[in-house]
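Novice:
Okay, structure coming up:
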């Protein structure tokens, strides 16, 4: 499945996927535009001939153990950053289970390692913990994260992939 770099013209398609896939975690198109503007090297779309843009992933450098709130613009990235953060990944139901998500996650982990980030982090939602565990992410329990994670849902987990 061909992942390619996201382009500005893809943002409406990304937003259409957000509306369809992330019903419990809505974010405005401006959030994705903000992330794309700040770190285009971490933004990709999955393109399928019959469907067009069928998935996306958005990632960027960030602060470790300080996940951004939902639906909030960042406006700038930290320098230095203490983690490579996967903000969001979503695939339309018709393209799931074909390995596309794993393919792009491996690519981003490689990118983060090559850029010398100490880890990759994310907030796992929608019962996705097992998926992330297959990519060597581990849940990080920290009481200071509880309030932020509760803004997602009761099952949200902050997860980290550490480089050895």
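In our numbering, the protein residues as written are 128 to 291.
Using N, Cα and C, we set each Cβ at its ideal position, and we do this for glycine too.
Note that the structure is predicted; figures quoted are calculated from it, not measured.
1. Going by DSSP in three states, residue 215 sits in which element: helix, strand or coil?
2. Excluding the five sequence neighbours on either side, which residues of its own chain have a C-beta within less than 8 Å of the C-beta of residue 254, listed in chain order?
3. Is the CB-CB distance between residue 187 and residue 165 below 8 Å?
4. Rounding to the nearest angstrom, what Cα-Cα distance links residue 233 and residue 241 in this structure?
5. Of the choices 272, 271, 250, 185, whose alpha-carbon is the least far from that of residue 288?
6. Residue 211 and residue 181 look like a contact to me (Cβ under 8 Å); what is the Cβ gap, rounded to whole Å?
7. Using CA atoms only, rank isn't needed, just tell me which of 168, 228, 291, 213 is closest to residue 258.
8. Exposed or buried, which one is residue 218 when buried takes at least 16 other CB atoms within 10 Å?
9. Among 194, 192, 247, 138, whose alpha-carbon lies nearest the alpha-carbon of residue 173?
10. Are at least three pairs of beta-carbons, each pair with one atom in the region 143-151 and one in the region 189-205, less than 8 Å apart?
11. Straight-line CA distance for residue 277 to residue 200?
12. Flag this pair as yes or no: are the beta carbons of residue 279 and residue 204 separated by less than 8 Å?
13. For residue 318, report the span of its beta strand (DSSP E) as first-last.
Specialist: In terms of the structure at hand:
1. Residue 215 sits at position 88 when you count from the first residue of the chain shown. Strand.
2. Against the chain shown, residue 254 aligns to sequence position 127. Closer than 8 Å at the Cβ level, and outside the excluded window around residue 254, lie 282.
3. Within the chain shown, numbered from 1, the residue matching residue 187 stands at position 60. Within the chain shown, numbered from 1, the residue matching residue 165 stands at position 38. In contact: residue 187 and residue 165 (Cβ atoms closer than 8 Å).
4. Here residue 233 refers to the residue found at position 106 of the chain shown. Here residue 241 refers to the residue found at position 114 of the chain shown. In a straight line, the C-alpha of residue 233 is about 12 Å away from that of residue 241.
5. As a working mapping, residue 288 is identified with position 161 in the chain shown. That would be 250, whose Cα lies nearest to the Cα of residue 288.
6. Numbered from 1 along the chain shown, position 84 holds the residue referred to as residue 211. Numbered from 1 along the chain shown, position 54 holds the residue referred to as residue 181. That belief does not hold up - the Cβ atoms of residue 211 and residue 181 are roughly 24 Å apart, past 8 Å.
7. Along the chain shown, read from residue 1 onward, the residue named residue 258 stands at position 131. Residue 258 has its Cα closest to that of 228, out of 168, 228, 291, 213.
8. By one-based count along the chain shown, residue 218 stands at place 91. Residue 218 comes out buried.
9. The residue labelled residue 173 in the question sits at position 46 within the chain shown. Considering only alpha carbons, the answer is 138.
10. no
11. Start at 1 with the first residue of the chain shown, and residue 277 comes out as number 150. Start at 1 with the first residue of the chain shown, and residue 200 comes out as number 73. Approximately 19 Å between the Cα atoms of the pair.
12. Position 152 of the chain shown, counted from the first residue, corresponds to residue 279. Position 77 of the chain shown, counted from the first residue, corresponds to residue 204. The answer is no: Cβ separation not under 8 Å.
13. The chain is shown from 128 up to 291; residue 318 falls before or after that span and cannot be answered.
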